[in-house]
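Following the working numbering, the numbering of the sequence shown begins with 97 at its first residue and continues without gaps.
Note that CB positions come from ideal geometry on N, CA and C, so glycine has one too.
Treat the numbers as computed from the prediction; the structure is a model and nothing was measured.
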Amino acid sequence: MSDRDYITQRHVHLTSPEELFRYYAPHRVEGYCRECPLYGRFWSCPPHPFSGRAYLSPFSQALLLAERITRNPAVPATRTLEEIFQEARRLLGEELRIFVEGKENLEVLIAGNCYHCPRCSREEGQPCRFPEKRRYSLESLGFLVSDMIQEKLALPLEWPSQGQEPAALVAVALVVAKDGEVLRELL
Ligand code: SF4
Numbered sequence: 097m098s099d100r101d102y103i104t105q106r107h108v109h110l111t112s113p114e115e116l117f118r119y120y121a122p123h124r125v126e127g128y129c130r131e132c133p134l135y136g137r138f139w140s141c142p143p144h145p146f147s148g149r150a151y152l153s154p155f156s157q158a159l160l161l162a163e164r165i166t167r168n169p170a171v172p173a174t175r176t177l178e179e180i181f182q183e184a185r186r187l188l189g190e191e192l193r194i195f196v197e198g199k200e201n202l203e204v205l206i207a208g209n210c211y212h213c214p215r216c217s218r219e220e221g222q223p224c225r226f227p228e229k230r231r232y233s234l235e236s237l238g239f240l241v242s243d244m245i246q247e248k249l250a251l252p253l254e255w256p257s258q259g260q261e262p263a264a265l266v267a268v269a270l271v272v273a274k275d276g277e278v279l280r281e282l283l
C-alpha cells in the first residue's frame, strides 16, 4: 500500500462539450461566484470578457476527470483533508498540463481557481504572468460542476457536517480537444 497519506480513485467520462452544455447555467453560476471572497481576484475566474459557450466552441470532444480523495488509513493523519485535497488537485492539474503541452488542439479546465502562482497578478491589476499555464475554472465558464460529476460519473459530492470532515473530497478537471482521438490516452 502507498505510504502517502491519501488515496485517489480516478473516474473518467469521454463526452462532447455539447453534451456538457446540459449543465451550463452561466447566470446562476456567476451568482454563486459573486458570493466567493475570491471573486474577481484570479484571471482564471469571472468576470471574463467571453462566454463559456464561445470559449468551448472550437472543441468537439471532452474528457471529464474526477479524483475521489480519501485518507490513507495506514498513515497517521497530520494534515487536514482540505490540505490534502489542494495537493491532489495540483498534481492532477500538473499531470494534465504536461499531457497537453505542445498539443495545440487541447485545453485543460479545472474546478476552482488557478493555483499556479502564490498570488494571482489580477489582484495587482496586472496581466496574467503565465497565460500558457493559466487554467480557467469550469465554474467560471458557467458550468454546474457538482451536477455534472454526479450525473456523468455517478460520483456523489460529500460535504462537512457538524464540524466533521467529509469521508472524501473530489478534484475535477476537463480536457477538451478539437480531435478526440488523443483523449483516449487518458482513459
Ligand atoms: S497563472 Fe498566475 S497570474 Fe495567471 S491566472 Fe494563474 S495564478 Fe493568476
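Within the same chain, S112, P113, A273, K274, D275 and G276 come within 8 Å of S156 by CB-CB distance, once the 5 residues on both sides are set aside.
For the beta strand (DSSP E) assignment, the uninterrupted runs of no fewer than 3 residues enclosed by the region 102-188 are, from N- to C-terminal side, 102-111 and 157-167.
E235 carries a helical assignment under DSSP once its states are collapsed to helix, strand and coil. Within the chosen limit of 7 Å, the ligand SF4 reaches the beta carbon of H212 through at least one heavy atom. Each of E235, F239, E220 and H212 was checked against the Cα of F226, and the nearest Cα belongs to H212. For F226, the shortest separation between its Cβ and any heavy atom of the ligand SF4 lies below 7 Å. Counting every other CB atom within 10 Å of its CB across the protein chains shown gives R149 a total below 16, marking it as exposed. With fewer than 16 other Cβ atoms inside 10 Å of its own Cβ, I194 counts as exposed. A distance below 8 Å separates the beta carbons of L188 and A267.
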